[in-house]
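> Residue numbers (my numbering), protein chains in the order written: chain A, -5 to 225; chain B, -5 to 225. Cβ atoms here follow ideal geometry from the backbone N, Cα and C, with glycine treated the same way.
Protein chains: 2
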Amino acid sequence: MIKVVLIGQGNVASHLLHAFENSTTVEVAQINSRALENIPQSDVTIIAVSDDAISIVSNQLENRNGLLVHTSGTVSLESLTANRKGVFYPLQSFTKDTTVDFSSIPFCLEVSNADDYNLLETLAQSICSKGYRINTKQRKKLHMAAVFVNNFTNHMYTIGKDICDEHNVPFEILHALIEETASKITSISPAKAQTGPAKRNDKQTIKTHLENLNLQQQEIYKLITKSIQNN
Amino acid sequence: MIKVVLIGQGNVASHLLHAFENSTTVEVAQINSRALENIPQSDVTIIAVSDDAISIVSNQLENRNGLLVHTSGTVSLESLTANRKGVFYPLQSFTKDTTVDFSSIPFCLEVSNADDYNLLETLAQSICSKGYRINTKQRKKLHMAAVFVNNFTNHMYTIGKDICDEHNVPFEILHALIEETASKITSISPAKAQTGPAKRNDKQTIKTHLENLNLQQQEIYKLITKSIQNN
């Protein structure tokens, strides 16, 4: 049995709590980050609070035993004050009130003492997740890559929906294409999967599209078209 | 039994042929667009050739009976020369050598004679697809929206993979996030699903990311961040 203390009450903490409660190999206690007194002993203490609060919480846990980890994509391992420290970062965008299937979520794992890697890996496996050994520098780059494939991609969907709404076309017609685009790159590289007027340098279509977009959309269309053609 | 003649040998034609051959309610014959003589009679003639060639092929079929349709997202209905004409546009990005499940692909349908709508809808249903009544103007806007949600999204994946490759991080770590981002917008609008440093106006993270990107990536990062914040 791995004893876990989970500090925080946000999205990540809630989803982790739920997953650990369903695991037969983990015993978990959730603690409010504003009430850090008389915390039970544990093998792993997980700080699942906002990035800014991680070092503050860590400082209050100075004399604690066991492995201390945070769950952030951007905060360095060194911002934790503990002898045995690590990172337990689930690479996913968590939304409140949505159930999360951890079996498909990879965890980026990092430890200060090599001996602790197995403990974190076992913890990830206890909720059916796969662990990857990723250092702080790599994790920060990965988080940057995630901004493109998640946040910026989602904004492309927003623009697509804006165009549909403006012309009374149901956005759901595009759902199958969106799913296909996302699943295709699990079998071929996105560079190889690239299609469309930019890739073909179909000047007439590009011109017509630009004439039918608003200024902000035009700027984005031109820049990404240029970037696809430079690739 | 609906008799179909399918003109063309590209990706769309190949996938449609395969689907019709598996349908019990359609009888299909494939014709090369360079051999338009002695074509059998049919209820529907589908011109599935490149956009530029559609009107050329259509002109060669001037005296043909039945309904004449093309499969393009961008070519207007009027570019067909026939009494009974229509559009049978499967909104998907087809790749050679990949099997296509038409049951998840929507068809945009348009007809010059209202009486022909049912015929096209039945044809879509014969391969388990759903038909949507979309006119030429709407179809062109939809095609433009598809450039954002498919081609431009795929380029965001390419940049994400470039960043991973550069720092020896396996791109597969991002697959689950990519799938989740795509599937989330089938239940909530992309505008509501938007997260990330741009949305939160997290200036420090934005600054750090910009310092770690190449010039082309920086330009894209800045512009999309601005667009998310203006939304």
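Among the residues of its own chain, which have a CB less than 6 Å from the CB of A/T178, if the five just before and after it don't count?
Working through the first sequence from its first residue, we reach residue 178 of chain A at position 184. Note on identity: in this sequence residue 178 of chain A is Lys, with Thr being the wrong assignment. Once the five neighbours on either side are set aside, the close Cβ partners of A/K178 are A187.
> At what residues does the alpha helix (DSSP H) containing A/I50 begin and finish?
Numbered from its first residue, the first sequence carries residue 50 of chain A at position 56. I48 to Q54 is the extent of the alpha helix (DSSP H) around A/I50.
> Taking Cβ positions, are A/V163 and B/K134 nearer each other than 8 Å?
Here residue 163 of chain A refers to the residue found at position 169 when the first sequence is read from its first residue. Here residue 134 of chain B refers to the residue found at position 140 when the second sequence is read from its first residue. No; because the gap between Cβ atoms is not below 8 Å, this pair is not in contact.
> Can a CB atom of chain B be found closer than 8 Å to the CB of A/L168?
Numbered from 1 along the first sequence, position 174 holds the residue referred to as residue 168 of chain A. Cβ-Cβ to chain B under 8 Å: yes for A/L168.
> Taking B/Q211 as the reference, give the member of A/L209, A/Q210 and A/L217 with the closest Cα.
Your numbering for residue 211 of chain B matches position 217 in the second sequence. B/Q211 has its Cα closest to that of A/L217, out of A/L209, A/Q210 and A/L217.
> Which residues share a DSSP beta bridge with A/G125?
Position 131 of the first sequence holds residue 125 of chain A. DSSP lists A/F101 as partners of A/G125.
> Going by alpha carbons, who is nearest to A/K(-3) out of A/A192, A/T152 and A/V22?
Residue numbering aside, residue -3 of chain A sits at position 3 when the first sequence is read from its first letter. Out of A/A192, A/T152 and A/V22, A/V22 has the C-alpha closest to the C-alpha of A/K(-3).
> Is DSSP giving B/H161 helix, strand or coil here?
As a working note, residue 161 of chain B is residue 167 in the second sequence. B/H161: coil per DSSP, three-state reduction.
> With DSSP run on the structure shown, which of helix, strand or coil describes B/I179?
Start at 1 with the first residue of the second sequence, and residue 179 of chain B comes out as number 185. Coil.
> Which residues of chain A have a Cβ atom closer than 7 Å to the Cβ of B/V163, listed in chain order?
What you label residue 163 of chain B is simply residue 169 of the second sequence in a count that begins at 1. Residues of chain A passing the Cβ test: I128, Q132, K135 and L136.
> If the cut is a Cβ gap below 7 Å, which residues of chain A does B/Y151 touch?
Numbered from 1 along the second sequence, position 157 holds the residue referred to as residue 151 of chain B. By Cβ distance, chain A contributes V143, I179 and P184.
> So within the region 21 to 77 of chain A, which uninterrupted alpha helix (DSSP H) runs reach at least 4 residues, ignoring any that extend past its ends?
48 to 54
> Apart from the five residues on each side of it in sequence, which residues of its chain come closer than 8 Å, Cβ to Cβ, to B/T199?
The count along the second sequence starts at 1 and reaches residue 199 of chain B at position 205. Around B/T199: P191.
> If we ignore side chains and look at the alpha-carbon of each, how far apart do B/R58 and B/D110 end up?
As a first step, residue 58 of chain B must be located in the second sequence, where it is residue number 64. As a first step, residue 110 of chain B must be located in the second sequence, where it is residue number 116. Rounded to the nearest angstrom, the two C-alpha atoms are 16 Å apart.
> Look up A/F96 in the DSSP assignment and give the residues it is bridged to.
Sequence index remark: in the first sequence, residue 96 of chain A carries index 102 (1-based). None, per the DSSP bridge assignment.
> Find the nearest neighbour of B/L30 within the set B/H12, B/N53, B/D37 and B/N16, judged by alpha-carbon distance.
Here residue 30 of chain B refers to the residue found at position 36 of the second sequence. Closest by alpha carbon: B/N53.
> When you compare each of A/P100, A/I222 and A/N195 to A/L85 by their alpha carbons, which one comes out closest?
Within the first sequence, numbered from 1, the residue matching residue 85 of chain A stands at position 91. Among A/P100, A/I222 and A/N195, the Cα nearest to that of A/L85 is on A/P100.
> Quick one: grab the DSSP three-state call for A/G80.
Taking the first residue of the first sequence as position 1, residue 80 of chain A is located at position 86. Strand at A/G80.
> Take B/K79 as the anchor and find which of B/Q35, B/E166, B/E173 and B/E56 has the nearest alpha-carbon.
For the purposes of this step, residue 79 of chain B is taken as residue 85 along the second sequence, with counting starting at 1. That would be B/E56, whose Cα lies nearest to the Cα of B/K79.
> Would you list the residues sitting across from A/K131 in a DSSP beta bridge?
Position 137 of the first sequence, counted from the first residue, corresponds to residue 131 of chain A. Beta-bridge pairing links A/K131 to no other residue.
> Looking at the structure shown, is A/L0 part of a helix, part of a strand, or coil, going by DSSP?
Here residue 0 of chain A refers to the residue found at position 6 of the first sequence. Strand at A/L0.
> The ligand ATP heavy atoms versus the CB of A/Q132: any closer than 7 Å?
This structure simply doesn't include the ligand ATP, nor any ligand for that matter.
> Whole-angstrom Cβ separation of A/V295 and A/S36, contact assumed at under 8 Å?
Past the boundaries of the shown model lies residue 295 of chain A; chain A is included only from -5 to 225, so the question cannot be answered.
> Using a beta-carbon distance below 8 Å, is A/E213 in contact with chain B?
What you label residue 213 of chain A is simply residue 219 of the first sequence in a count that begins at 1. Output row for A/E213: interface = yes.
> Tell me which same chain residues have a C-beta within less than 6 Å of the C-beta of B/S106, skipping the five on either side of it?
Position 112 of the second sequence holds residue 106 of chain B. Counting only Cβ-Cβ distances below 6 Å, and skipping sequence neighbours, we find K79.
> Buried or exposed: where does B/E104 fall if 16 or more other Cβ atoms within 10 Å of its Cβ makes it buried?
Start at 1 with the first residue of the second sequence, and residue 104 of chain B comes out as number 110. That one is buried.
> Nearest to A/I128 by alpha carbon, out of A/L209, A/A42 and A/V81?
Taking the first residue of the first sequence as position 1, residue 128 of chain A is located at position 134. Nearest option by C-alpha distance: A/V81.
> Pop quiz: B/V43 and B/V51 are said to be a contact at Cβ under 8 Å. What is the actual Cβ separation, rounded to whole angstroms?
Taking the second sequence and counting its residues from 1, the one referred to as residue 43 of chain B is at position 49. Taking the second sequence and counting its residues from 1, the one referred to as residue 51 of chain B is at position 57. Contact holds; Cβ gap of about 6 Å.
> Going by alpha carbons, who is nearest to B/I48 out of B/F142, B/S73, B/Q24 and B/I25?
Position 54 of the second sequence, counted from the start, is the residue given in the question as residue 48 of chain B. When B/F142, B/S73, B/Q24 and B/I25 are compared, the shortest CA-CA separation from B/I48 is found for B/S73.
> Counting only beta-carbon separations shorter than 8 Å, does B/E31 have a partner in chain A?
By 1-based counting over the second sequence, the position of residue 31 of chain B is 37. Chain A, which has no Cβ nearer than 8 Å to the Cβ of B/E31, makes this no.
> Determine, for A/Q54, whether the minimum Cβ-Cβ distance to residues of chain B falls below 8 Å.
As a working note, residue 54 of chain A is residue 60 in the first sequence. False, the Cβ-Cβ gap to chain B never drops below 8 Å.
> Could you check whether the Cβ of A/K155 sits closer than 8 Å to any Cβ belonging to chain B?
Numbered from its first residue, the first sequence carries residue 155 of chain A at position 161. At least one chain B Cβ lies under 8 Å of A/K155.
> Just how far apart, CA to CA, sit B/G67 and B/T19?
Taking the first residue of the second sequence as 1, we reach residue 67 of chain B at position 73. Taking the first residue of the second sequence as 1, we reach residue 19 of chain B at position 25. When rounded, the separation of the alpha-carbon atoms in B/G67 and B/T19 is 26 Å.
> Identify the contact partners of B/E173 in chain A, using a Cβ-Cβ distance below 9 Å as the criterion.
What you label residue 173 of chain B is simply residue 179 of the second sequence in a count that begins at 1. Result: S98, E173, A176, S177 and T180.
> One question on the structure: do B/T147 and A/M150 come within less than 8 Å of each other, judged by their Cβ atoms?
Numbered from its first residue, the second sequence carries residue 147 of chain B at position 153. Numbered from its first residue, the first sequence carries residue 150 of chain A at position 156. Against a cut-off of 8 Å, the Cβ pair of A/M150 and B/T147 comes out as a contact.
> What does the Cβ neighbour count give for B/S120, buried or exposed, with the cut at 16 atoms within 10 Å?
Taking the second sequence and counting its residues from 1, the one referred to as residue 120 of chain B is at position 126. With 16 or more other Cβ atoms within 10 Å, it is buried.
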